[in-house]
Amino acid sequence: MTDDNRTNDPAANGDRDRDENETPVRDDNRAIPGDREIEVRDELENNRFALVVDEEYAGFAYYEKFTGMRDFTHTEIEGAFEGQGLSKILIKEALDQAIIAGDEIVATCPAVRRFIRKNPEYRDRVRVNE
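Here the sequence shown stands for residues 11 to 140, numbered as in our numbering.
Following this line, the structure appears as structure tokens:
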């Protein structure tokens, strides 16, 4: 069958329909978050929060630490983990942990600023550097 003869019907194209209870997977066979173990660790010695998915580093939220303050400067998600909504988990947990620690939060990082704009409950706790 050539591409010109393909239809939009998955069965006609030899593709199987995915069971609605089956865990969705990406093209690289990584499961999308659901039953995955996700942890955010404050790595003080590296000035970053690390996002760990199933014991594998998936991303980081870097910050500069001053007395009573953390300035979030950069956030990144590793390529294999992009597009799964993990940056939201990382940023939320990093902000929550910093607030619990009593730190003033400064958001220099554009991703952190976007998160704060979409989550107004953080606006009173964070200073945004544009």
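We treat Cβ as the ideally placed atom computed from N, Cα and C, and that holds for glycine.
CB of residue i within 8 Å of CB of residue j, strictly
{"i": "Ile101", "j": "Phe125", "result": "yes"}
{"i": "Glu88", "j": "Gly69", "result": "yes"}
{"i": "Thr118", "j": "Phe59", "result": "no"}
{"i": "Val116", "j": "Arg135", "result": "no"}
{"i": "Val50", "j": "Glu103", "result": "yes"}
{"i": "Asp52", "j": "Gln107", "result": "yes"}
Local conformation of residue i per DSSP, three classes
{"i": "Gly69", "result": "strand"}
{"i": "Ala108", "result": "helix"}
{"i": "Arg124", "result": "helix"}
{"i": "Arg137", "result": "strand"}
{"i": "Glu47", "result": "coil"}
{"i": "Glu217", "result": "Residue 217 falls outside the range modelled here, since the chain spans only 11 to 140, and no answer is possible."}
{"i": "Glu103", "result": "helix"}
Buried versus exposed call for residue i [16 or more other C-beta atoms within 10 Å across all chains shown]
{"i": "Thr77", "result": "exposed"}
{"i": "Leu61", "result": "buried"}
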